[in-house]
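Asker:
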Amino acid sequence: MEALRSRLAELGRWLLPARCLLCGAAGHDDLDLCRDCAAELPRNRSCCARCALPLAMPAALCGRCQRRAPPWDAAWAPFRYGWPLDRLESRFKFGRDLAAGRSLAALWLRESCPVPLPDLILPVPLHRGRLRQRGHNQALELARPLSRGLGVPLRQDLLQRPRDTRAQSELDAVARRRNVRGAFALRQGVVLPAHVAIVDDVMTTGSTLAECARVLRRAGVGRVDAWALARAPAPRG
Ligand SMILES: [Zn+2]
Ligand SMILES: [Zn+2]
Numbered sequence: 030m031e032a033l034r035s036r037l038a039e040l041g042r043w044l045l046p047a048r049c050l051l052c053g054a055a056g057h058d059d060l061d062l063c064r065d066c067a068a069e070l071p072r073n074r075s076c077c078a079r080c081a082l083p084l085a086m087p088a089a090l091c092g093r094c095q096r097r098a099p100p101w102d103a104a105w106a107p108f109r110y111g112w113p114l115d116r117l118e119s120r121f122k123f124g125r126d127l128a129a130g131r132s133l134a135a136l137w138l139r140e141s142c143p144v145p146l147p148d149l150i151l152p153v154p155l156h157r158g159r160l161r162q163r164g165h166n167q168a169l170e171l172a173r174p175l176s177r178g179l180g181v182p183l184r185q186d187l188l189q190r191p192r193d194t195r196a197q198s199e200l201d202a203v204a205r206r207r208n209v210r211g212a213f214a215l216r217q218g219v220v221l222p223a224h225v226a227i228v229d230d231v232m233t234t235g236s237t238l239a240e241c242a243r244v245l246r247r248a249g250v251g252r253v254d255a256w257a258l259a260r261a262p263a264p265r266g
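Count along the sequence shown from 1, then add 29; that gives the number in this note's numbering.
What follows is the structure, given as structure tokens:
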């Protein structure tokens, strides 16, 4: 059923010209977004190199990272989580709007990518129950086109989420850290390459990506990068 629906969506895209998901104007550049709305998505050009926290001036380390560096080596979050990206993201994440996800991934790929590229991309996994409820894993849907576009292999079966957790959006920073502690595990017997990037949709406090990074570090990965489509301006709570 899911496969049929996506084939029909593909066919629809071929028959009908793309329309902007935000304002209904004609799509531009093979996107379901018009030129103006695509330009309006807030870019995160000035940020902390280590955690991608938006800053007034670019910096190698923000104040938070100076006090306590995150367990990853570098972050890449080309957009800021704000209007109108937040609207597309919630349609994509909760409204099963995969066209919004495709456009967001295509825009992500147009931003200049970090060097060196990782040897492997791992999307943040969803717990089985959550996946059933939501119908898709938004991190995987973004990671797939990144993997294809950058030519970096992706594995979705290595990093697993055996324990279900509460939605991070309901929690403050301390509770978020506690909530995801021990939530992730690596498949038994996997050998990981030296440089791995973990991909998520939105980084807020970074506690989900940090917990994944710790798992990879413990497994001996030398360099871990944290990639998210968008970074929230400042940790909420
Ligand atoms: Zn538009
Ligand atoms: Zn930082």
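C-beta: ideal position from N, C-alpha, C; glycine also.
A quick note: this is a predicted structure, and the numbers were derived from the prediction, not measured.
Would A32 be called buried (16 or more neighbouring beta carbons within 10 Å of its own) or exposed?
Answerer: Within the sequence shown, numbered from 1, the residue matching residue 32 stands at position 3. Exposed, since its Cβ has fewer than 16 Cβ neighbours within 10 Å.
Asker: To the nearest angstrom, how far is it from the Cα of P71 to the Cα of D58?
Answerer: Along the sequence shown, one-based indexing puts residue 71 at 42. Along the sequence shown, one-based indexing puts residue 58 at 29. If you take the alpha carbons of P71 and D58, they lie about 18 Å apart.
Asker: Between the alpha carbons of R93 and P99, how many angstroms are there, rounded?
Answerer: Along the sequence shown, one-based indexing puts residue 93 at 64. Along the sequence shown, one-based indexing puts residue 99 at 70. So the two alpha carbons sit approximately 9 Å from each other.
Asker: Given a cut-off of 7 Å, decide if N73 and A104 are closer than it, judged by their beta-carbon atoms.
Answerer: The residue you call residue 104 lines up with position 75 of the sequence shown. The residue you call residue 73 lines up with position 44 of the sequence shown. Not in contact: A104 and N73 (Cβ atoms no closer than 7 Å).
Asker: According to DSSP, simplified to helix, strand and coil, what is P174?
Answerer: In the sequence shown, counting from the first residue as 1, residue 174 sits at position 145. P174 falls in the helix class under three-state DSSP.
Asker: Going straight from the alpha carbon of E140 to that of R64, what length do you get?
Answerer: Along the sequence shown, one-based indexing puts residue 140 at 111. Along the sequence shown, one-based indexing puts residue 64 at 35. CA-to-CA, the gap between E140 and R64 works out to about 16 Å.
Asker: If you check the beta carbons only, do P191 and A214 fall under 7 Å apart?
Answerer: Locating residue 191 in the sequence shown gives position 162, where the first residue counts as 1. Locating residue 214 in the sequence shown gives position 185, where the first residue counts as 1. The answer is yes: Cβ separation under 7 Å.
Asker: Measuring alpha carbon to alpha carbon, tell me which of Y110, A212, N166, P152 ends up nearest A263.
Answerer: By one-based count along the sequence shown, residue 263 stands at place 234. Answer by Cα proximity: Y110.
Asker: Can you name, in chain order, every residue of its own chain whose Cβ lies under 7 Å from the Cβ of N208, other than the five neighbours on each side?
Answerer: In the sequence shown, counting from the first residue as 1, residue 208 sits at position 179. Contacts found: T194, R195, Q197, L200.
Asker: Taking its Cβ as the centre, do 16 or more other Cβ atoms sit within 10 Å of R265, making it buried, or is it exposed?
Answerer: As a working mapping, residue 265 is identified with position 236 in the sequence shown. Any reading at R265 is ruled out, since the residue's pLDDT is 44, under 50, leaving its predicted position unreliable.
Asker: Look at the Cβ atom of C76, then the Cβ atom of P83, and state whether they are nearer than 7 Å.
Answerer: Numbered from its first residue, the sequence shown carries residue 76 at position 47. Numbered from its first residue, the sequence shown carries residue 83 at position 54. Cβ distance < 7 Å, so C76 and P83 count as in contact.
Asker: For L127 and L258, what's the separation of their Cα atoms in angstroms?
Answerer: On the sequence shown, position 98 is the one that residue 127 refers to. On the sequence shown, position 229 is the one that residue 258 refers to. The straight-line gap from Cα to Cα measures roughly 15 Å.
Asker: Would you tell me roughly how many angstroms separate the C-alpha atoms of R125 and R243, rounded to the nearest one?
Answerer: For the purposes of this step, residue 125 is taken as the residue at position 96 of the sequence shown. For the purposes of this step, residue 243 is taken as the residue at position 214 of the sequence shown. Going by the C-alpha atoms only, they are around 30 Å apart.
Asker: Rounded to the nearest angstrom, what separates L238 and Q185 at their Cα positions?
Answerer: Position 209 of the sequence shown, counted from the start, is the residue given in the question as residue 238. Position 156 of the sequence shown, counted from the start, is the residue given in the question as residue 185. Going from the Cα of L238 to the Cα of Q185 covers about 15 Å.
Asker: Ignore the nearest five residues each way along the sequence and tell me which others in R34's own chain have a CB closer than 8 Å to its CB.
Answerer: Stepping through the sequence shown from its first residue, residue 34 is reached at position 5. Result list for R34: empty, nothing under 8 Å.
Asker: Please determine, among L133, P222, D102, the residue with the shortest C-alpha to C-alpha distance to R230.
Answerer: Taking the first residue of the sequence shown as 1, we reach residue 230 at position 201. Note that residue 230 corresponds to Asp in the displayed sequence, not to Arg. Ranking the options by Cα distance to D230, first place goes to L133.
Asker: Per DSSP, which one or two residues make a beta bridge with C52?
Answerer: Here residue 52 is taken as the residue at index 23 of the sequence shown, counted from 1. BP columns for C52 are empty, so no partner.
Asker: When you compare each of V220, A226, T234 to A202 by their alpha carbons, which one comes out closest?
Answerer: In the sequence shown, counting from the first residue as 1, residue 202 sits at position 173. Cα-wise, what sits closest to A202 is T234.
Asker: Just the Cα atoms here: how many angstroms apart are R247 and L50?
Answerer: Residue mapping note: residue 247 aligns to position 218 of the sequence shown, counting from 1. Residue mapping note: residue 50 aligns to position 21 of the sequence shown, counting from 1. Rounded to the nearest whole angstrom, the CA to CA distance from R247 to L50 is 42 Å.
Asker: Do P152 and A168 come within 7 Å of each other at the CB atom, strictly closer than that value?
Answerer: On the sequence shown, residue 168 is found 139 positions in, with the first residue counted as 1. On the sequence shown, residue 152 is found 123 positions in, with the first residue counted as 1. Result yes, Cβ atoms of A168 and P152 sit closer than 7 Å.
Asker: Starting from W101 and walking both ways along the beta strand (DSSP E), at which residues does that stretch end?
Answerer: The residue given as residue 101 occupies position 72 in the sequence shown. Run containing W101: none; DSSP gives neither H nor E here.
Asker: Pull up the distance between the alpha-carbon of V6 and that of A261, whole angstroms please.
Answerer: Because the chain in this structure spans residues 30 to 266, residue 6 falls outside the shown range and cannot be described.
Asker: In whole angstroms, what is the alpha-carbon distance linking R97 and G249?
Answerer: As a first step, residue 97 is located in the sequence shown; it is residue number 68 there, counting from the start. As a first step, residue 249 is located in the sequence shown; it is residue number 220 there, counting from the start. Spanning the two alpha carbons is a distance of roughly 21 Å.
Asker: Compute the distance between the beta-carbons of E170 and P113, then report whether it is under 7 Å.
Answerer: Looking up residue 170 in the sequence shown gives position 141. Looking up residue 113 in the sequence shown gives position 84. No. Outside cutoff.
Asker: Curious, which full-length beta strand (DSSP E) runs of at least 3 residues does the stretch 79-164 contain?
Answerer: 103-105, 149-152
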